[in-house]
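Working notes, beginning with the structure itself.
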C-alpha cells in the first residue's frame, strides 16, 4: 500500500484506521483534543520531537 498525502479526501483510510473507527464509533467521547485518544497522541508526538 502506498501513502498519498495529496489531501484528506481523495482516497480512503488505511485498513487499520478504518478498523479502529469501527471499534470505537459507538463509544461516546468528548471531542476537539479533550478525548483520551487525542491526549495520548499528543504525548506520543511530544516524545518524538
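Residue numbers (the numbering used here): 765 to 813. We put the CB at the ideal spot given by N, CA and C, even for glycine.
ask   = When DSSP labels each residue in this structure, what does residue 777 get in the three-state scheme?
value = Here residue 777 corresponds to residue number 13 of the chain shown, with the count starting at 1. Here DSSP, grouped into helix, strand and coil, assigns residue 777 to coil.
key: N- and C-terminal bounds of the alpha helix (DSSP H) containing residue 789   = Position 25 of the chain shown, counting from 1, holds the residue named residue 789. That residue, residue 789, is in no alpha helix (DSSP H); it is neither H nor E in DSSP.
ask   = Where do the N-terminal and C-terminal ends of the alpha helix (DSSP H) with residue 803 fall, by residue?
value = Here the question's residue 803 lines up with position 39 in the chain shown. Note, residue 803: alpha helix (DSSP H), 800-812.
query = Taking Cβ positions, are residue 768 and residue 774 nearer each other than 8 Å?
reply = Locating residue 768 in the chain shown gives position 4, counting from the first residue. Locating residue 774 in the chain shown gives position 10, counting from the first residue. Cβ distance < 8 Å, so residue 768 and residue 774 count as in contact.
key: Proximity below 8 Å, CB of residue 806 to CB of residue 799   = Taking the chain shown and counting its residues from 1, one reaches residue 806 at position 42. Taking the chain shown and counting its residues from 1, one reaches residue 799 at position 35. Taking 8 Å as the Cβ cut-off, residue 806 and residue 799 do not qualify as a contacting pair.
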